[in-house]
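These notes concern the structure reproduced below.
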Amino acid sequence: TKKMTRFDLQKMKQENQKAVWVTAYDYWTASFAEEAGMDMILVGDSLGMCIYGYSGTVPVTMDQCIWHSEAVRRGAPNTFIIGDMPFLSYQVSVPEAVRNAGRFHKEAGVDAIKLEGGVRVCPQIQAIADGGMLVMGHIGLTPQSSGQQGGFKAQGRTAEAARDLIADAKAIEAAGAFALLVEAVPPEVCGIIRNTLQIPVYSIGAGWEADGQLMICSDVLGIFQAFTPKFVKKYENLGAKTVTAFKQYVEDARGGQFPAEEHAYKMVDGELEKLKN
Ligand code: KIV
Ligand code: NA
Numbered sequence: 004t005k006k007m008t009r010f011d012l013q014k015m016k017q018e019n020q021k022a023v024w025v026t027a028y029d030y031w032t033a034s035f036a037e038e039a040g041m042d043m044i045l046v047g048d049s050l051g052m053c054i055y056g057y058s059g060t061v062p063v064t065m066d067q068c069i070w071h072s073e074a075v076r077r078g079a080p081n082t083f084i085i086g087d088m089p090f091l092s093y094q095v096s097v098p099e100a101v102r103n104a105g106r107f108h109k110e111a112g113v114d115a116i117k118l119e120g121g122v123r124v125c126p127q128i129q130a131i132a133d134g135g136m137l138v139m140g141h142i143g144l145t146p147q148s149s150g151q152q153g154g155f156k157a158q159g160r161t162a163e164a165a166r167d168l169i170a171d172a173k174a175i176e177a178a179g180a181f182a183l184l185v186e187a188v189p190p191e192v193c194g195i196i197r198n199t200l201q202i203p204v205y206s207i208g209a210g211w212e213a214d215g216q217l218m219i220c221s222d223v224l225g226i227f228q229a230f231t232p233k234f235v236k237k238y239e240n241l242g243a244k245t246v247t248a249f250k251q252y253v254e255d256a257r258g259g260q261f262p263a264e265e266h267a268y269k270m271v272d273g274e275l276e277k278l279k280n
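Heads up, the sequence shown is in this note's numbering, so the first residue is 4 and it goes up one at a time.
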């Protein structure tokens, strides 16, 4: 399959076709996502929770994001990959934001980057876009500023809060973003944003009135145990399956059922006799 471009994604919005994507953090998940026909892959800073076991995304560094993006790129060479800008990689200054966005492209070969926030990060969005890169906005629940939001909570549930989100969305489009991700807001609010903007508007936990859906791979597969947001649908329980497989291996190896004849290398004919003599 041919890799998506921004124009393909834009056309999908116009034609009312949903773009479907997941996060991936490593080579093998990325390769399976590509095989399954995902339209895009996000190397989310959610890797802090899903891979490193942090309780949030704030500790995640640029280097971690770059390394995981490199692995995902190798696993999914023909998929549109978005690198996620970690906390403090774009908040401090506009030049730092451009340099860090550029690192994702130079070192990991991503197709686009994503950063959190509305009006307050529009100078960064504009500067990165002016640097020739594709930027995706991210509003609603923004885990890097979850302290200000009072935790991992749904956003835009009052008319006033929804109006702020709509204003953020318009500002992000005007600043030059090629797409917008809306996280954990009511479907109606996401629908208004989607109908207001020309660029594609994607949902994670923001309902069906979007141009596409994102889910976290660890949630889809059932390998993230710490908590399950309301918006998650688990398609597998790989966590339980993994424990079962590991237990079976322990049992076999302890009981002498593994390794068996078929797992053993054979000596070259006649060599065992020579060794014994
Ligand atoms: O890091 C991530 O996976 C994300 C999604 C939760 C939107 O940004
Ligand atoms: Na993120």
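Glycine included, every Cβ here is placed at the ideal spot set by N, Cα and C.
Alpha-carbon to alpha-carbon, residue 93 and residue 76: Residue 76 sits at position 73 when you count from the first residue of the sequence shown. Residue 93 sits at position 90 when you count from the first residue of the sequence shown. Answer to the nearest angstrom: the Cα atoms are 22 Å apart.
Measuring alpha carbon to alpha carbon, tell me which residue in 115, 223, 257 and 86 is nearest residue 241. Within the sequence shown, the letter at position 238 stands for residue 241. Nearest C-alpha to residue 241: 223.
Enumerated in chain order, which unbroken segments of the alpha helix (DSSP H) with a length of 4 residues or greater are wholly contained in the stretch 18-74? 30-38 and 50-53
Pairwise C-alpha distance: residue 23 and residue 184: One-based indexing of the sequence shown puts residue 184 at position 181. One-based indexing of the sequence shown puts residue 23 at position 20. If you take the alpha carbons of residue 184 and residue 23, they lie about 12 Å apart.
Is the stretch 250-257 touching the stretch 45-65 in the sense that three or more CB pairs, one from each, lie closer than 8 Å? No: the two stretches stay apart, fewer than three of their Cβ pairs being nearer than 8 Å.
Under a Cβ-count criterion, where at least 16 other Cβ atoms within 10 Å of its own Cβ denotes burial, should residue 265 be classed as buried or exposed? Residue numbering aside, residue 265 sits at position 262 when the sequence shown is read from its first letter. Exposed is the call here.
Tell me the DSSP bridge mates of residue 186? Counted from its first residue, the sequence shown places residue 186 at position 183. Its beta-bridge partners are 143 and 207.
Answer yes or no: do residue 142 and residue 171 have a C-beta to C-beta separation smaller than 8 Å? Numbered from its first residue, the sequence shown carries residue 142 at position 139. Numbered from its first residue, the sequence shown carries residue 171 at position 168. For residue 142 and residue 171, yes; Cβs fall inside 8 Å.
Between residue 4 and residue 220, how many whole angstroms is the CB-CB distance? I'm expecting something under 8 Å. In the sequence shown, residue 4 corresponds to position 1, counting from 1. In the sequence shown, residue 220 corresponds to position 217, counting from 1. Not confirmed; about 19 Å, so no contact.
Could you tell me if the beta carbon of residue 206 falls within a distance shorter than 7 Å of some heavy atom in the ligand KIV? The residue given as residue 206 occupies position 203 in the sequence shown. No, the beta carbon of residue 206 sits no closer than 7 Å to any heavy atom of the ligand KIV.
Find the nearest neighbour of residue 16 within the set 135, 198, 119 and 239, judged by alpha-carbon distance. Working through the sequence shown from its first residue, we reach residue 16 at position 13. Out of 135, 198, 119 and 239, 198 has the C-alpha closest to the C-alpha of residue 16.
Give the straight-line distance between the Cα atoms of residue 71 and residue 274, rounded to the nearest whole angstrom. Counting from 1 along the sequence shown, the entry for residue 71 is found at position 68. Counting from 1 along the sequence shown, the entry for residue 274 is found at position 271. Residue 71 and residue 274: Cα-Cα distance of roughly 47 Å.
Mind listing, in chain order, the residues whose beta carbon lies closer than 5 Å to a non-hydrogen atom of the ligand NA? 47, 48 and 87
Between the alpha carbons of residue 173 and residue 213, how many angstroms are there, rounded? Numbered from 1 along the sequence shown, position 170 holds the residue referred to as residue 173. Numbered from 1 along the sequence shown, position 210 holds the residue referred to as residue 213. Rounded to whole angstroms, residue 173 to residue 213 spans 16 Å at the Cα level.
Cα-Cα separation between residue 188 and residue 98, rounded to whole angstroms: One-based indexing of the sequence shown puts residue 188 at position 185. One-based indexing of the sequence shown puts residue 98 at position 95. Spanning the two alpha carbons is a distance of roughly 31 Å.
Any non-hydrogen atom of the ligand KIV within 7 Å of residue 44 CB: To locate residue 44, count along the sequence shown from 1; it is residue 41. No, since every heavy atom of the ligand KIV falls outside the 7 Å radius drawn around the Cβ of residue 44.
So, with DSSP's three-state summary, where would you put residue 249? Counting from 1 along the sequence shown, the entry for residue 249 is found at position 246. Three-state DSSP puts residue 249 in a helix.
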